[in-house]
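Below you'll find the structure, written out as C-alpha coordinates, and then a few comments.
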Amino acid sequence: MKTLDTPFLMHIGDLFWQNQGRVVMVAGLIERGRVRQGDAVEIVGFGTTTLVTVEAIEDSHRSVDEASAGMNVGLLIRGTAAGAVERGQVLAAPGSISGHTRFAADITLFGQEHGAIEVRTGERLHAHFGTAAVPGNVTLAGGLDVLHPLHRGDVTITLERPVALEEGQPFAFRHRGRAAGSGQVVRLLD
(Lines of atoms letter the chains of each structure in order from A and count residues from 1; the text may use other names and numbers.)
(Lines give C-alpha, C1' and ligand atoms only; values in the text may rest on other atoms or scores of the structure.)
Protein backbone atom coordinates (compact mmCIF):
# COMPACT_ATOMS: atom_id res chain seq x y z
CA MET A 1 0.00 0.00 0.00
CA LYS A 2 1.53 3.28 -1.10
CA THR A 3 0.51 5.80 1.52
CA LEU A 4 1.97 9.20 2.28
CA ASP A 5 0.83 9.46 5.90
CA THR A 6 2.93 6.51 7.14
CA PRO A 7 6.64 6.54 8.07
CA PHE A 8 9.07 6.63 5.14
CA LEU A 9 10.36 3.25 3.86
CA MET A 10 12.46 2.43 0.79
CA HIS A 11 14.12 -0.91 -0.05
CA ILE A 12 17.64 -0.36 -1.37
CA GLY A 13 17.79 -1.88 -4.84
CA ASP A 14 21.08 -0.45 -6.05
CA LEU A 15 23.90 1.77 -4.82
CA PHE A 16 26.71 3.85 -6.23
CA TRP A 17 29.76 5.12 -4.27
CA GLN A 18 31.00 8.62 -4.98
CA ASN A 19 33.84 10.84 -3.79
CA GLN A 20 36.22 7.96 -2.92
CA GLY A 21 33.63 6.11 -0.83
CA ARG A 22 32.58 8.99 1.41
CA VAL A 23 29.18 9.49 -0.21
CA VAL A 24 26.74 6.89 -1.50
CA MET A 25 23.76 7.19 -3.82
CA VAL A 26 21.14 4.55 -3.03
CA ALA A 27 18.34 3.81 -5.48
CA GLY A 28 14.97 2.19 -5.01
CA LEU A 29 11.21 2.46 -5.01
CA ILE A 30 9.69 4.36 -2.09
CA GLU A 31 7.17 1.97 -0.56
CA ARG A 32 5.50 4.45 1.75
CA GLY A 33 5.73 7.91 3.26
CA ARG A 34 7.85 10.75 2.00
CA VAL A 35 11.42 11.96 2.35
CA ARG A 36 12.85 15.46 2.06
CA GLN A 37 16.33 16.78 1.45
CA GLY A 38 18.03 17.15 4.85
CA ASP A 39 15.95 14.42 6.55
CA ALA A 40 17.61 11.97 8.92
CA VAL A 41 16.85 8.34 7.99
CA GLU A 42 18.09 4.96 9.20
CA ILE A 43 19.75 2.20 7.21
CA VAL A 44 18.26 -1.00 8.65
CA GLY A 45 19.09 -4.67 8.11
CA PHE A 46 21.97 -7.12 7.97
CA GLY A 47 23.01 -6.50 11.56
CA THR A 48 23.42 -2.76 11.80
CA THR A 49 21.22 0.29 12.06
CA THR A 50 22.92 3.51 11.03
CA LEU A 51 21.54 7.04 11.13
CA VAL A 52 22.36 9.00 7.96
CA THR A 53 21.29 12.26 6.31
CA VAL A 54 19.64 12.62 2.90
CA GLU A 55 21.80 15.22 1.14
CA ALA A 56 20.04 15.17 -2.24
CA ILE A 57 17.15 13.46 -4.05
CA GLU A 58 17.20 12.57 -7.72
CA ASP A 59 14.12 11.62 -9.77
CA SER A 60 14.65 10.77 -13.46
CA HIS A 61 18.05 12.52 -13.48
CA ARG A 62 16.75 15.76 -12.01
CA SER A 63 17.10 17.09 -8.49
CA VAL A 64 13.97 17.40 -6.36
CA ASP A 65 13.44 18.58 -2.78
CA GLU A 66 11.00 15.82 -1.83
CA ALA A 67 10.00 12.31 -2.93
CA SER A 68 7.02 10.20 -1.92
CA ALA A 69 5.49 6.72 -2.09
CA GLY A 70 5.47 5.22 -5.58
CA MET A 71 8.50 7.16 -6.83
CA ASN A 72 11.65 5.36 -7.99
CA VAL A 73 14.47 7.64 -6.82
CA GLY A 74 18.13 7.97 -5.99
CA LEU A 75 19.05 9.36 -2.58
CA LEU A 76 22.49 10.79 -1.90
CA ILE A 77 23.29 10.00 1.74
CA ARG A 78 26.06 10.99 4.15
CA GLY A 79 27.05 9.44 7.44
CA THR A 80 28.07 5.89 6.59
CA ALA A 81 31.41 4.22 5.93
CA ALA A 82 32.41 2.81 2.54
CA GLY A 83 30.95 -0.66 2.08
CA ALA A 84 28.52 -0.34 5.01
CA VAL A 85 25.42 -0.13 2.77
CA GLU A 86 24.14 -3.17 0.86
CA ARG A 87 21.38 -4.02 -1.57
CA GLY A 88 18.56 -5.53 0.50
CA GLN A 89 18.78 -3.13 3.41
CA VAL A 90 16.11 -0.45 3.80
CA LEU A 91 16.11 3.29 4.39
CA ALA A 92 13.42 4.20 6.89
CA ALA A 93 12.17 6.91 9.19
CA PRO A 94 14.14 6.65 12.45
CA GLY A 95 12.65 4.08 14.84
CA SER A 96 9.93 2.93 12.42
CA ILE A 97 11.30 -0.55 11.62
CA SER A 98 14.01 -2.82 13.02
CA GLY A 99 16.05 -5.87 11.99
CA HIS A 100 14.98 -9.38 13.02
CA THR A 101 16.22 -12.93 12.44
CA ARG A 102 13.33 -15.01 13.78
CA PHE A 103 9.62 -14.73 13.04
CA ALA A 104 6.37 -16.72 12.86
CA ALA A 105 4.75 -16.80 9.43
CA ASP A 106 1.79 -18.16 7.52
CA ILE A 107 3.04 -19.67 4.24
CA THR A 108 1.43 -21.24 1.17
CA LEU A 109 3.32 -23.58 -1.14
CA PHE A 110 2.97 -23.31 -4.92
CA GLY A 111 1.42 -26.08 -7.03
CA GLN A 112 2.55 -28.13 -10.01
CA GLU A 113 2.75 -25.17 -12.41
CA HIS A 114 5.64 -23.82 -10.33
CA GLY A 115 7.47 -27.11 -9.81
CA ALA A 116 5.67 -28.20 -6.61
CA ILE A 117 7.92 -29.08 -3.70
CA GLU A 118 7.47 -30.24 -0.12
CA VAL A 119 8.93 -28.45 2.88
CA ARG A 120 10.04 -30.21 6.07
CA THR A 121 11.20 -28.91 9.45
CA GLY A 122 14.90 -28.05 9.41
CA GLU A 123 15.09 -27.42 5.68
CA ARG A 124 16.75 -24.33 4.29
CA LEU A 125 14.75 -21.67 2.43
CA HIS A 126 15.82 -18.44 0.75
CA ALA A 127 13.35 -15.76 1.87
CA HIS A 128 12.84 -12.61 -0.23
CA PHE A 129 11.72 -9.37 1.45
CA GLY A 130 11.67 -6.46 -0.99
CA THR A 131 15.21 -6.49 -2.41
CA ALA A 132 16.69 -8.68 0.38
CA ALA A 133 17.27 -12.39 -0.19
CA VAL A 134 18.37 -14.18 2.99
CA PRO A 135 18.72 -17.92 3.71
CA GLY A 136 17.11 -19.40 6.79
CA ASN A 137 15.73 -22.57 8.33
CA VAL A 138 12.06 -23.44 8.68
CA THR A 139 10.27 -25.14 11.57
CA LEU A 140 6.71 -26.35 10.93
CA ALA A 141 4.17 -25.64 13.68
CA GLY A 142 1.53 -27.91 15.16
CA GLY A 143 3.52 -31.13 15.04
CA LEU A 144 3.53 -31.30 11.23
CA ASP A 145 6.37 -33.26 9.63
CA VAL A 146 5.89 -32.03 6.07
CA LEU A 147 4.00 -29.33 4.20
CA HIS A 148 2.79 -30.48 0.77
CA PRO A 149 2.33 -28.46 -2.48
CA LEU A 150 -0.72 -26.17 -2.49
CA HIS A 151 -1.00 -26.42 1.29
CA ARG A 152 -0.86 -23.62 3.80
CA GLY A 153 0.84 -23.79 7.17
CA ASP A 154 2.16 -21.95 10.18
CA VAL A 155 5.94 -21.94 10.49
CA THR A 156 8.81 -20.32 12.32
CA ILE A 157 11.67 -19.07 10.16
CA THR A 158 15.14 -18.34 11.52
CA LEU A 159 17.22 -16.21 9.13
CA GLU A 160 21.03 -16.15 8.91
CA ARG A 161 21.12 -12.33 8.94
CA PRO A 162 18.79 -9.72 10.44
CA VAL A 163 16.36 -8.21 7.94
CA ALA A 164 14.09 -5.17 8.35
CA LEU A 165 10.76 -6.82 9.21
CA GLU A 166 7.35 -5.88 10.51
CA GLU A 167 4.18 -7.82 11.21
CA GLY A 168 1.94 -8.23 8.16
CA GLN A 169 4.85 -7.96 5.73
CA PRO A 170 4.55 -10.26 2.69
CA PHE A 171 7.48 -12.31 1.40
CA ALA A 172 8.30 -14.98 -1.15
CA PHE A 173 10.69 -17.89 -0.77
CA ARG A 174 12.73 -20.32 -2.82
CA HIS A 175 13.60 -23.88 -1.89
CA ARG A 176 16.16 -26.11 -3.61
CA GLY A 177 16.71 -23.44 -6.27
CA ARG A 178 13.06 -23.05 -7.26
CA ALA A 179 10.26 -20.62 -6.44
CA ALA A 180 8.40 -22.49 -3.71
CA GLY A 181 5.77 -20.24 -2.16
CA SER A 182 4.78 -17.03 -0.45
CA GLY A 183 3.93 -15.97 3.04
CA GLN A 184 3.23 -13.23 5.51
CA VAL A 185 5.04 -12.32 8.73
CA VAL A 186 2.59 -13.00 11.56
CA ARG A 187 4.72 -12.28 14.64
CA LEU A 188 8.29 -11.11 15.28
CA LEU A 189 10.10 -13.43 17.70
CA ASP A 190 13.39 -11.60 18.36
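Take 1339 as the starting number for the sequence shown in this note's numbering and just add one per residue.
Virtual Cβ for every residue (Gly too), placed ideally from N, Cα, C.
Does DSSP classify residue i as helix, strand or coil?
i	result
G1351	coil
Q1507	coil
H1513	strand
E1404	strand
T1341	coil
A1378	strand
G1519	strand
D1492	strand
A1479	coil
Taking C-beta to C-beta, are residue i and residue j nearer than 8 Å?
i	j	result
F1448	L1526	no
I1350	V1411	no
G1491	I1445	yes
G1437	G1383	yes
I1381	T1391	no
V1472	E1498	yes
For residue i, which option in the options has the closest C-alpha, if you only look at C-alpha atoms?
i	options	result
E1396	G1480, S1520, F1384 and M1409	M1409
G1468	E1504, G1376 and A1479	E1504
(request) Could you name each continuous beta strand (DSSP E) segment of 3 residues or more that falls completely within the region 1382-1469, going from the start of the chain to the end? (result) 1386-1397, 1400-1402, 1404-1406, 1410-1416, 1428-1430, 1436-1447 and 1462-1467
(message) Does the region 1460-1467 come into contact with the region 1401-1420, if we say contact requires no fewer than three beta-carbon pairs (one atom in each stretch) closer than 8 Å?
(response) no
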